[in-house]
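All remarks here apply to the structure that follows.
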Amino acid sequence: MSQEDPLTACLDLTRRLPPQAIESNLELLCAVLPDLADDLLGSVDQPLKIRVDGGGRQYLVCDYNRDGDSYRSPWTNSYDPPLADGTVPSPKLRKLEAAMGDAFDVYRDMYYEGGVSSVYLWDTEDGFAGVVLLKKTNDSAGSTASWDSVHVFESTERGRTAHYKLTSTIMLYLAKDIAPGEETKGEGKVELGGSMTRQNELDAPHDPSSTSATLSSHISNVGRMIEDMEGKMRSSLQEVYFSKTKDITTTLRSSVGYAEDNKHRALQGELVGLLRGKAQAQQA
0 MSQEDPLTAC
10 LDLTRRLPPQ
20 AIESNLELLC
30 AVLPDLADDL
40 LGSVDQPLKI
50 RVDGGGRQYL
60 VCDYNRDGDS
70 YRSPWTNSYD
80 PPLADGTVPS
90 PKLRKLEAAM
100 GDAFDVYRDM
110 YYEGGVSSVY
120 LWDTEDGFAG
130 VVLLKKTNDS
140 AGSTASWDSV
150 HVFESTERGR
160 TAHYKLTSTI
170 MLYLAKDIAP
180 GEETKGEGKV
190 ELGGSMTRQN
200 ELDAPHDPSS
210 TSATLSSHIS
220 NVGRMIEDME
230 GKMRSSLQEV
240 YFSKTKDITT
250 TLRSSVGYAE
260 DNKHRALQGE
270 LVGLLRGKAQ
280 AQQA
């Protein structure tokens, strides 16, 4: 068996496991297959975690802003715990990272009305790459919900045109706990979770005439790609996954009860019989 086979099988397995348990499942997979630990940790998206930097501002941590055991804040550009030789973007790319971070902070406020966002960029041989992270959680009495968006992109400049490759992953988790005092009513905990990944490529106009024009071009192009992608993925979740789940739930369990449903069916049959008899009498 080739080395790629177990890795492919592990990646396929993680895509089918609930996202809320992906961290513990990854630990088990890494313990069973330690030679694949680095590949698994670098390939599998995990629910985002929130930290607070030295300036008191929240930011999201993932493998893209990690260096060893430290994480870099996109607002201060410093690592926590402090790291003297931590990887940081070039000064030119750092300006774009800060500007793009501010732009997506506005995007987060408009579309999510809360939550946390972070943008991280790094230099590549042909241009640059980056990741846009968005997280929104909602904990209310008896229910928990979490939305995580991970948008990884690459950009290659070609004169006055830039080519972008985008890979977007959304992880969604919903749970309803048993309310206090409801344990005897036969209701149990309900959990619904999953992840979705989509890809897209785009060639868009790029203005290299000045630094400010370059920043504006990249922010506009990447922002439009992510906005369109999130809109399509939200629609797919709403129309396909949630509608399908509702259909399955309705088929398995009637909300009105069998006795009430039988009464409705009997009444419908009686009305159909009366209408049919009236129609036959009119024809005679």
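The opening position of the sequence shown corresponds to residue 0 in numbering that gives the first Met the number 0, with each subsequent residue numbered one higher.
By construction, the Cβ of each residue, glycine as well, lies at the ideal position given by its N, Cα and C atoms.
Residue i vs residue j beta-carbon contact at 8 Å
i: VAL131; j: PRO73; result: no
i: SER194; j: MET170; result: yes
i: PHE152; j: LEU165; result: yes
i: ASP246; j: VAL149; result: no
i: ALA174; j: ALA203; result: no
i: ILE218; j: MET99; result: yes
i: GLY41; j: ASP66; result: no
i: LEU191; j: THR244; result: yes
i: LEU35; j: CYS9; result: yes
i: GLY222; j: ALA97; result: no
Cβ shell of residue i (< 6 Å), same chain only, five flanking positions each side left out
i: THR196; result: THR168
i: LEU16; result: ASN24
i: GLU200; result: LYS164
i: VAL115; result: ILE49, GLN57, LEU59 and LYS134
i: LEU6; result: LEU35 and ASP38
i: TYR63; result: TYR119 and VAL130
Secondary structure of residue i, DSSP reduced to three states
i: GLY268; result: helix
i: PRO204; result: strand
i: SER1; result: Its pLDDT being 45, under 50, SER1 is placed unreliably by the model, and the measurement read from it follows with that caveat. If DSSP states are grouped into helix, strand and coil, SER1 belongs with coil.
i: ARG56; result: coil
i: LEU47; result: coil
i: ASP79; result: strand
i: GLU112; result: coil
i: LYS175; result: strand
i: LEU273; result: helix
i: GLU153; result: strand
i: ASP101; result: helix
i: ASP37; result: helix
i: GLY126; result: strand
Exposure of residue i, with buried meaning 16 or more beta-carbon neighbours within 10 Å
i: PRO46; result: buried
i: ASP227; result: exposed
i: VAL189; result: exposed
i: SER208; result: exposed
i: ARG107; result: buried
i: GLU229; result: buried
i: LEU266; result: exposed
i: HIS344; result: Because the chain here runs from 0 to 283, residue 344 falls outside it and cannot be looked at.
i: THR249; result: exposed
i: PRO80; result: exposed
Chain-order list of residues whose beta-carbon lies under 7 Å from that of residue i (same chain, five-residue window excluded)
i: ASP122; result: PRO88, SER89 and LEU92
i: SER145; result: PRO46, THR136 and TYR172
Whole-Å CB distance - residue i paired with residue j, under 8 Å assumed
i: LEU129; j: THR155; result: Rather than Leu, the amino acid found at residue 129 in this sequence is Gly. Not quite, the Cβ-Cβ distance comes to about 13 Å (not below 8 Å), so this is no contact.
i: LEU95; j: LEU214; result: 5 Å
Own chain partners of residue i with C-beta closer than 8 Å, once the 5 adjacent residues on each side are dropped
i: LEU236; result: ILE169, LEU171 and MET195
Cβ of residue i within 8 Å of any chain B Cβ
i: HIS162; result: No chain B appears in the structure shown, which is made up of a single protein chain.
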